[in-house]
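K.L.:
Would you mind keeping the following structure in view while I ask a few things?
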Amino acid sequence: MANEGHAIDVPTCHSVLAAASDTRTAQELLKRMKLWSLTPDMTTYTLAVRACRGPHALSTADGLLQEAKAAGLEPDAVMFSAMLRACKLSRDADRALALFRDMEAAPRCAEAAADVRSWNRLLAALTAALRPDAVLETWGEMAQRGVAPDEISYAYALAARAARGERD
Numbered sequence: 003m004a005n006e007g008h009a010i011d012v013p014t015c016h017s018v019l020a021a022a023s024d025t026r027t028a029q030e031l032l033k034r035m036k037l038w039s040l041t042p043d044m045t046t047y048t049l050a051v052r053a054c055r056g057p058h059a060l061s062t063a064d065g066l067l068q069e070a071k072a073a074g075l076e077p078d079a080v081m082f083s084a085m086l087r088a089c090k091l092s093r094d095a096d097r098a099l100a101l102f103r104d105m106e107a108a109p110r111c112a113e114a115a116a117d118v119r120s121w122n123r124l125l126a127a128l129t130a131a132l133r134p135d136a137v138l139e140t141w142g143e144m145a146q147r148g149v150a151p152d153e154i155s156y157a158y159a160l161a162a163r164a165a166r167g168e169r170d
């Protein structure tokens, strides 16, 4: 498009990234944005993280997060959500727990850290990593913090109990 004389801007890049279905496409677009003198914003990086796929999704996503931070951008709740998804794809429970703690510590993410959907994303990553004990510990932490579970939370907790061989 740019080679054909069409003006490319950041919102257009966002649209392309939102449709990206693989890591390579997202990384290529980020490179081109820089060549076109366009400055990626947090939405750009978040959409690129969402395009990360496969068992190496997290290492790529971590690189994108570090690049965003190096550019002076602070991760928001949407970025943390995308990062937790990458943890799920890569089955990395420890990184998911660390990212969740980072989200809780970020003042602009306080509301998201208290939302059951954020907790469910963490539970999903822990479940994918085959860490039923961590799922149940997180479940207990939700209760301590007054985060009411929903049907998705219950499903993760029940799956964790089943994985541990509990029947009641």
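So the number in the working numbering is just where the residue sits in the sequence shown, counting from 1, plus 2. Ideal placement from N, C-alpha and C gives every residue a C-beta, glycine not left out. Computed from a prediction, not measured in an experiment: that's the story for all the values here.
Am I right that Ser155 and Asn122 are in contact with their C-beta atoms under 8 angstroms? What's the rounded C-beta distance?
P.N.:
Right, the Cβ-Cβ distance comes to about 6 angstroms (below 8 angstroms), so this counts as a contact.
K.L.:
What are the boundary residues of the alpha helix (DSSP H) that includes Pro151?
P.N.:
Unbroken run through Pro151: none, as it is neither H nor E.
K.L.:
For the candidate residues Gly142, Ala79, Ser17, Asp94, whose alpha-carbon lies nearest to that of Thr119?
P.N.:
Before going further, note that residue 119 is Arg rather than Thr in the sequence given. Of the listed residues, the one whose Cα sits closest to Arg119 is Ala79.
K.L.:
Taking just the CA atoms, how far does Ala164 sit from Leu86?
P.N.:
Using only the alpha carbons, I get a separation of about 23 angstroms.
K.L.:
How close, in whole Å, do the beta carbons of Met105 and Met44 come, if the pair is a contact with beta carbons under 8 angstroms?
P.N.:
14 angstroms between Cβ atoms; not a contact.
K.L.:
If you check the beta carbons only, do Leu75 and Val51 fall under 7 angstroms apart?
P.N.:
No, these two residues do not count as a Cβ contact at 7 angstroms.
K.L.:
Would you decide whether Thr46 is buried or exposed? Buried here means 16 or more other CB atoms lie within 10 Å of its CB.
P.N.:
Answer is buried; the Cβ neighbour count reaches 16.
K.L.:
Please report the residue range of the alpha helix (DSSP H) in which Leu19 lies.
P.N.:
Run containing Leu19: 12-21, per the alpha helix (DSSP H) assignment.
K.L.:
Excluding five sequence neighbours on each side, which residues of the same chain lie with their C-beta closer than 6 angstroms to the C-beta of Ala22?
P.N.:
Excluding sequence neighbours, Ala22 sits near Ala28, Ala53.
K.L.:
Please report the distance separating the alpha-carbon of Leu101 from that of Ala127.
P.N.:
Taking the straight line from one Cα to the other gives about 11 angstroms.
K.L.:
Taking only the alpha-carbon atoms, compute the straight-line gap between Asp64 and Pro151 and give it to the nearest angstrom.
P.N.:
Going from the Cα of Asp64 to the Cα of Pro151 covers about 29 angstroms.
K.L.:
State the start and end residues of the unbroken alpha helix (DSSP H) segment that holds Pro134.
P.N.:
Element bounds for Pro134: 134-146.
K.L.:
So, at 6 angstroms on beta carbons, what are the nonlocal neighbours of Trp141 in its own chain, with the 5 sequence-adjacent residues on each side left out?
P.N.:
Contacts found: Ala159.
K.L.:
Assuming Ala95 contacts Arg55 (C-beta within less than 8 angstroms), just tell me the rounded distance between them.
P.N.:
About 19 angstroms; that fails the 8 angstroms criterion.
K.L.:
Tell me the rounded alpha-carbon separation between Leu125 and Glu168.
P.N.:
Each residue's alpha carbon lies about 18 angstroms from the other.
K.L.:
Out of Ala98, Thr129, Ala112, Ala157, state which residue places its alpha-carbon closest to the alpha-carbon of Ala59.
P.N.:
Here the closest residue by C-alpha is Ala98.
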